[in-house]
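What follows is one structure encoded as structure tokens, with my remarks underneath.
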Amino acid sequence: DGGITQSPKYLFRKEGQNVTLSCEQNLNHDAMYWYRQDPGQGLRLIYYSQIVNDFQKGDIAEGYSVSREKKESFPLTVTSAQKNPTAFYLCASGGLTRPYNEQFFGPGTRLTVL
Amino acid sequence: GQQVMQIPQYQHVQEGEDFTTYCNSSTTLSNIQWYKQRPGGHPVFLIQLVKSGEVKKQKRLTFQFGEAKKNSSLHITATQTTDVGTYFCAIILTGGGNKLTFGTGTQLKVEL
């Protein structure tokens, strides 16, 4: 069953703690992306990666970090430096073989900072 | 950078009424994609438009790309409760990586 998985679905964190969100895909996609969605708003790009061991900052990268050690995996760490981390985090993947490729999204992780 | 403005922000309709959401850009777009996000869910790709004046249909959904490639619309005929959700347009940015910039979305509510 091909797709993208994210875990956990819900995550609670105390202020000052780092937390890592998991994202795995078995679609053999080269590119992976992390977005943040706040209530009633669109999606904003945090980081993206086109190839293993390489990634680039998106529009709102401050306070976040990523790694891409395997093609299938693109974990996101929300650090204590992120001032307002409570949000819905969505991971996506997509191909790079055509000029324009759609993205496939995982089910998301809802992070709440207590 | 390139941005798309999406209107309206919200739309309430009675079941059976039509619905339209619009995306507008001040610059010429190379493409536009449309996604649907059900309440509590994740965005799901609906369609991509690339050609000037392009019109594509998916059952009750009609997608249009303007002649000048600066605007796009999604029209739903005879809405059903299954159409409830937020509809986003998105454009692929230049610079590689197939990065998407999303519109702010139109939240559709359908009442019986």
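Chains A and B, in that order, give the protein sequences. Residue 20 in the working numbering sits at position 27 of the first sequence, and the numbers go up by one each step. If you want the working numbering, it's the 1-based position in the second sequence plus 126. The beta carbon of each residue, even a glycine, is placed where N, CA and C say it ideally should be. Quick caveat, the model's predicted, so the values are computed rather than measured.
Can you tell me the Cα-Cα spacing of residue i and residue j, whole angstroms?
i	j	result
Gln18 (chain A)	Thr72 (chain A)	23 angstroms
Asp144 (chain B)	Val236 (chain B)	10 angstroms
Ile133 (chain B)	Val45 (chain A)	38 angstroms
Leu83 (chain A)	Thr(-2) (chain A)	10 angstroms
Leu69 (chain A)	Ser42 (chain A)	12 angstroms
Gly(-4) (chain A)	Ala216 (chain B)	21 angstroms
Ser199 (chain B)	Gly223 (chain B)	25 angstroms
Asn150 (chain B)	Leu172 (chain B)	18 angstroms
Phe5 (chain A)	Thr79 (chain A)	9 angstroms
Gln30 (chain A)	Arg103 (chain A)	10 angstroms
Gly35 (chain A)	Val139 (chain B)	22 angstroms
Gln129 (chain B)	Thr227 (chain B)	7 angstroms
Ser86 (chain A)	Gln174 (chain B)	16 angstroms
Thr13 (chain A)	Tyr93 (chain A)	30 angstroms
Lys183 (chain B)	Thr220 (chain B)	27 angstroms
Thr188 (chain B)	Ala204 (chain B)	12 angstroms
Leu89 (chain A)	Asp209 (chain B)	30 angstroms
Arg91 (chain A)	Ala24 (chain A)	12 angstroms
Using a threshold of 8 angstroms, state whether the C-beta atoms of residue i and residue j are closer than that.
i	j	result
Val59 (chain A)	Tyr28 (chain A)	no
Phe214 (chain B)	Tyr148 (chain B)	no
Ser178 (chain B)	Lys196 (chain B)	no
Gly56 (chain A)	Leu38 (chain A)	no
Thr232 (chain B)	Glu141 (chain B)	no
Phe98 (chain A)	His201 (chain B)	no
Tell me whether residue i sits in a helix, a strand or coil according to DSSP, three-state version.
i	result
Thr230 (chain B)	coil
Thr90 (chain A)	coil
Thr79 (chain A)	coil
Asp52 (chain A)	coil
Asp47 (chain A)	strand
Thr205 (chain B)	coil
Arg186 (chain B)	coil
Phe67 (chain A)	coil
Arg164 (chain B)	coil
Gly35 (chain A)	coil
Ser42 (chain A)	strand
Ser15 (chain A)	strand
Gln128 (chain B)	coil
Gly211 (chain B)	strand
Ala74 (chain A)	coil
Just the chain D side, please: which residues come within less than 7 angstroms of residue i by C-beta, in chain order?
i	result
Gly35 (chain A)	Included in the structure are the protein chains A and B, with no chain D among them.
Applying a beta-carbon distance threshold of less than 8 angstroms, which residues of chain B neighbour residue i?
i	result
Leu83 (chain A)	His168, Pro169
Pro100 (chain A)	Gly167, His168
Gly87 (chain A)	Asn224
Gln43 (chain A)	Gly222, Gly223
Arg49 (chain A)	According to the sequence provided, residue 49 (chain A) is Gln. The question's Arg does not apply to it. Chain B residues near Gln49 (chain A): Gly223.
Given that residue i touches chain B, what residues does it touch there, using C-beta distances under 9 angstroms?
i	result
Gly(-4) (chain A)	Result: empty, since nearest Cβ-Cβ is about 11 angstroms, beyond 9 angstroms.
Mind listing the chain B neighbours of residue i? Cutoff is C-beta to C-beta under 7 angstroms, in chain order.
i	result
Leu38 (chain A)	Lys225
Glu95 (chain A)	Gln159, Phe171, Gln174
Ala24 (chain A)	Gly223, Asn224
Legend entry - the segment 206 to 220 of chain B: positions lying closer than 7 angstroms to chain A by Cβ: Phe214, Ile218
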